[in-house]
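Undergrad: Residues 12 to 367, numbered by this note's numbering, are exactly what the sequence shown covers, in order.
There's a structure below that I have some questions on.
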Amino acid sequence: MIKYLIGLLCALVGLTIYIWGPASIGISITGMAAKQRLGQSLTQGLEDGLHLLLCGAGGPMPDPERSGPCVAVIAGTSLVIVDAGSGGARNLNAMQFPLGEIDAQLLTHYHSDHIDGLGEMALLRWVSSANTAPLPVYGPSGVAEVVQGFNRSYRADAEYRNAHHGDNVAPVSGRGMVARPFIAPQVGELLTVLEQDGLTVSAFAVDHKPVQPAVGYRFDYRGRSLVISGDTAKSTNLEQFAKGVDLLVHEALSRELVGQLNKAAIHNQLPIIEKITTDILDYHASPVEAAESAQTAGAKHLLYYHIVPPLLAPGSQAAFLQGVDKAYQGGVTVGIDGTLFSLPANSQAIEQTRVP
Ligand SMILES: [Zn+2]
Ligand SMILES: [Zn+2]
12 MIKYLIGLLC ALVGLTIYIW GPASIGISIT GMAAKQRLGQ SLTQGLEDGL
62 HLLLCGAGGP MPDPERSGPC VAVIAGTSLV IVDAGSGGAR NLNAMQFPLG
112 EIDAQLLTHY HSDHIDGLGE MALLRWVSSA NTAPLPVYGP SGVAEVVQGF
162 NRSYRADAEY RNAHHGDNVA PVSGRGMVAR PFIAPQVGEL LTVLEQDGLT
212 VSAFAVDHKP VQPAVGYRFD YRGRSLVISG DTAKSTNLEQ FAKGVDLLVH
262 EALSRELVGQ LNKAAIHNQL PIIEKITTDI LDYHASPVEA AESAQTAGAK
312 HLLYYHIVPP LLAPGSQAAF LQGVDKAYQG GVTVGIDGTL FSLPANSQAI
362 EQTRVP
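Encoded structure:
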């Protein structure tokens, strides 16, 4: 009976394609999908609380599941993005994140993988809601130069869009970004950089030498808290300011897996890759070191992001996590693009899902 029904269904589908043709079917499915998706917002269904969405879970190396570093934080009605790696803004768009409502972009440091999607972030925020004020970009010293460079690069684009779509879509006053620099906090200092509607965002120094300044950020909202490490070697300063947080979002580089790349570079006589895969070991934390920091800080959950190298081979995630269970007693998640954590206001709950 089931075989008969499947046969009948296949015949019907075949007949439909024969009569209408694949192009007509493609057009009507696109129309139906657009009706369902356009105008929907990811944040509409979220309860009041602190939420964290990975728009980019990777580092600088290509990984199909992990774009360049990009983290979206939703706190009540406030939307803040931390770093803007390539692919991040497009991912947010695909995840139906309301890009036009972004209040602030924060930067941890100015390595290319953290800023190479910044132009697109500002552009999509601008035209998604016809914003009349530019995107504020917060960062330690150096942010003004980054912002100025992007603004110059995008000046012609902004003029084309305004000329083509008009002020109701692309008002000139809202194009580009505006820098909001702060003096990088010293070790031991927690600097409030943003306060609005119950949300407090603070910056603290991390250890990414020779990259200076480099900061991480702490978010507090209605009894819930999270810390985003940015790029750092194991940092006691981070541990201090991550004390008791609900969620620690920490970068990690697996020395064992990068070591395999290094061996291959030596074997294949690729001295540049050999040098890079040696140099990067000293300014990132290993997964076990990040877990030790989570344990020392008493963080309730550890989320890995900025994962290096890409975890492509079968078993590579197990290799990445080797030894983590001995170092940290809390819950652990290896992030991918779309990982979403929700910390409902004034509760203990830690909810985790994935935005498709
Ligand atoms: Zn990085
Ligand atoms: Zn970096």
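Note that CB positions come from ideal geometry on N, CA and C, so glycine has one too.
Just so we're clear, the structure is a prediction, and the values are computed from it rather than from any experiment.
Using only the heavy atoms of ligand 1, determine whether one of them is closer than 7 Å to the beta carbon of residue 71.
TA: Reading the sequence shown from its first residue, position 60 is the one you call residue 71. Because some heavy atom of ligand 1 lies under 7 Å away, the Cβ of residue 71 counts as near it: yes.
Undergrad: Can we say the stretch 303-323 touches the stretch 340-348, given the rule of at least three CB pairs closer than 8 Å?
TA: Yes, they touch.
Undergrad: Along the chain, where does the alpha helix (DSSP H) containing residue 163 start, and where does it finish?
TA: Position 152 of the sequence shown holds residue 163. Counting along the chain, the alpha helix (DSSP H) containing residue 163 begins and ends at 154-164.
Undergrad: Run the CB neighbour count on residue 137, radius 10 Å, all protein chains shown included, and call it buried at 16 or more, exposed below.
TA: For this step, residue 137 is matched to residue 126 along the sequence shown. Counting Cβ neighbours within 10 Å, residue 137 comes out buried, since at least 16 surround it.
Undergrad: Within its chain, find whatever has a CB closer than 8 Å to the CB of residue 43; leave out the 5 residues flanking it on each side and keep chain order.
TA: As a position in the sequence shown, residue 43 is number 32, starting the count at 1. Hits under 8 Å: none found.
Undergrad: Please report the straight-line C-alpha distance between residue 100 and residue 237, rounded to a whole angstrom.
TA: Taking the sequence shown and counting its residues from 1, the one referred to as residue 100 is at position 89. Taking the sequence shown and counting its residues from 1, the one referred to as residue 237 is at position 226. Whole-angstrom Cα-Cα distance: 22 Å.
Undergrad: Our contact map puts residue 227 next to residue 240 with C-beta atoms below 8 Å; I'd like the distance itself, whole angstroms only.
TA: By 1-based counting over the sequence shown, the position of residue 227 is 216. By 1-based counting over the sequence shown, the position of residue 240 is 229. With a Cβ gap of about 5 Å, residue 227 and residue 240 count as contacting.
Undergrad: Residue 267: buried (16+ other C-beta within 10 angstroms of its C-beta) or exposed?
TA: Looking up residue 267 in the sequence shown gives position 256. By the 10 Å Cβ count, residue 267 comes out exposed.
Undergrad: With a threshold of 8 Å, are at least 3 pairs of Cβ atoms found where one atom belongs to the stretch 68-77 and the other to the stretch 319-331?
TA: The answer is yes - the stretch 319-331 touches the stretch 68-77, with three or more Cβ pairs under 8 Å.
Undergrad: State the start and end residues of the unbroken beta strand (DSSP E) segment that holds residue 305.
TA: Here residue 305 refers to the residue found at position 294 when the sequence shown is read from its first residue. Segment 298-308 is the alpha helix (DSSP H) holding residue 305; no beta strand (DSSP E) there.
Undergrad: Any idea if residue 179 is buried or exposed, counting beta-carbon neighbours within 10 angstroms, 16 or more meaning buried?
TA: The count along the sequence shown starts at 1 and reaches residue 179 at position 168. Label assigned to residue 179: exposed.
Undergrad: Taking one C-beta from the stretch 212-223 and one from the stretch 62-74 each time, how about it: are there three or more such pairs within less than 8 Å?
TA: Output reads no: the stretch 62-74 does not touch the stretch 212-223.
Undergrad: Residue 263 bridges to which residues according to DSSP?
TA: One-based indexing of the sequence shown puts residue 263 at position 252. Bridge partners of residue 263: 318.
Undergrad: Please indicate yes or no: does the CB of residue 80 lie closer than 7 Å to some heavy atom of ligand 1?
TA: For this step, residue 80 is matched to residue 69 along the sequence shown. Yes, Cβ of residue 80 sits closer than 7 Å to a heavy atom of ligand 1.
Undergrad: Assuming residue 224 contacts residue 120 (C-beta within less than 8 Å), just tell me the rounded distance between them.
TA: Residue numbering aside, residue 224 sits at position 213 when the sequence shown is read from its first letter. Residue numbering aside, residue 120 sits at position 109 when the sequence shown is read from its first letter. 7 Å between Cβ atoms; contact.
Undergrad: Counting along the chain, where does the alpha helix (DSSP H) carrying residue 288 start and finish?
TA: Here residue 288 corresponds to residue number 277 of the sequence shown, with the count starting at 1. Unbroken alpha helix (DSSP H) run through residue 288: 282-290.
Undergrad: For residue 41, name the three-state secondary structure that DSSP assigns.
TA: Counted from its first residue, the sequence shown places residue 41 at position 30. In the structure shown, residue 41 sits in a helix (DSSP, three-state: H, G or I).
Undergrad: Which residue comes first and which comes last in the alpha helix (DSSP H) that contains residue 134?
TA: Sequence index remark: in the sequence shown, residue 134 carries index 123 (1-based). Note, residue 134: alpha helix (DSSP H), 129-139.
Undergrad: May I ask you to check if the CB of residue 124 is nearer than 7 Å to at least one heavy atom of ligand 1?
TA: As a first step, residue 124 is located in the sequence shown; it is residue number 113 there, counting from the start. Yes, the Cβ of residue 124 comes within 7 Å of a heavy atom of ligand 1.
Undergrad: Is residue 261 close to ligand 2? I mean its beta-carbon at under 7 Å from any heavy atom of the ligand.
TA: As a first step, residue 261 is located in the sequence shown; it is residue number 250 there, counting from the start. No, Cβ of residue 261 sits at least 7 Å from all heavy atoms of ligand 2.
Undergrad: For residue 362, tell me which candidate among 154, 189, 257, 55 has the shortest Cα-Cα distance.
TA: Taking the sequence shown and counting its residues from 1, the one referred to as residue 362 is at position 351. Considering only alpha carbons, the answer is 257.
Undergrad: What I want to know is whether the C-beta of residue 242 ends up closer than 7 Å to one or more non-hydrogen atoms of ligand 1.
TA: By 1-based counting over the sequence shown, the position of residue 242 is 231. For ligand 1, at least one heavy atom lies less than 7 Å from the Cβ of residue 242.
Undergrad: Residue 169 and residue 150 - do their beta-carbons sit closer together than 8 Å?
TA: In the sequence shown, residue 150 corresponds to position 139, counting from 1. In the sequence shown, residue 169 corresponds to position 158, counting from 1. No.
Undergrad: Is residue 277 helix, strand or coil when you go by DSSP?
TA: Within the sequence shown, numbered from 1, the residue matching residue 277 stands at position 266. It is helical.
Undergrad: Could you compute how far the alpha carbon of residue 347 sits from the alpha carbon of residue 63?
TA: Within the sequence shown, residue 347 is the residue found at index 336, counting from 1. Within the sequence shown, residue 63 is the residue found at index 52, counting from 1. Going from the Cα of residue 347 to the Cα of residue 63 covers about 12 Å.
Undergrad: Do residue 250 and residue 302 have their beta-carbon atoms positioned less than 8 Å apart in this structure?
TA: As a first step, residue 302 is located in the sequence shown; it is residue number 291 there, counting from the start. As a first step, residue 250 is located in the sequence shown; it is residue number 239 there, counting from the start. Not closer than 8 Å, so no.
Undergrad: Does the beta-carbon of residue 174 have 16 or more other beta-carbons within 10 angstroms, so that it is buried, or is it exposed?
TA: Taking the first residue of the sequence shown as 1, we reach residue 174 at position 163. Label assigned to residue 174: exposed.
Undergrad: Give every residue of the same chain whose Cβ lies closer than 6 Å to the Cβ of residue 158, excluding the five residues on either side of it in the sequence, and list them in chain order.
TA: Translated into positions along the sequence shown, residue 158 becomes position 147. Cβ neighbours of residue 158 beyond the five flanking positions: 148, 188, 190.
Undergrad: Tell me whether residue 154, by its Cβ, gets closer than 7 Å to a heavy atom of ligand 2.
TA: On the sequence shown, residue 154 is found 143 positions in, with the first residue counted as 1. No - ligand 2 has no heavy atom lying nearer than 7 Å to the Cβ of residue 154.
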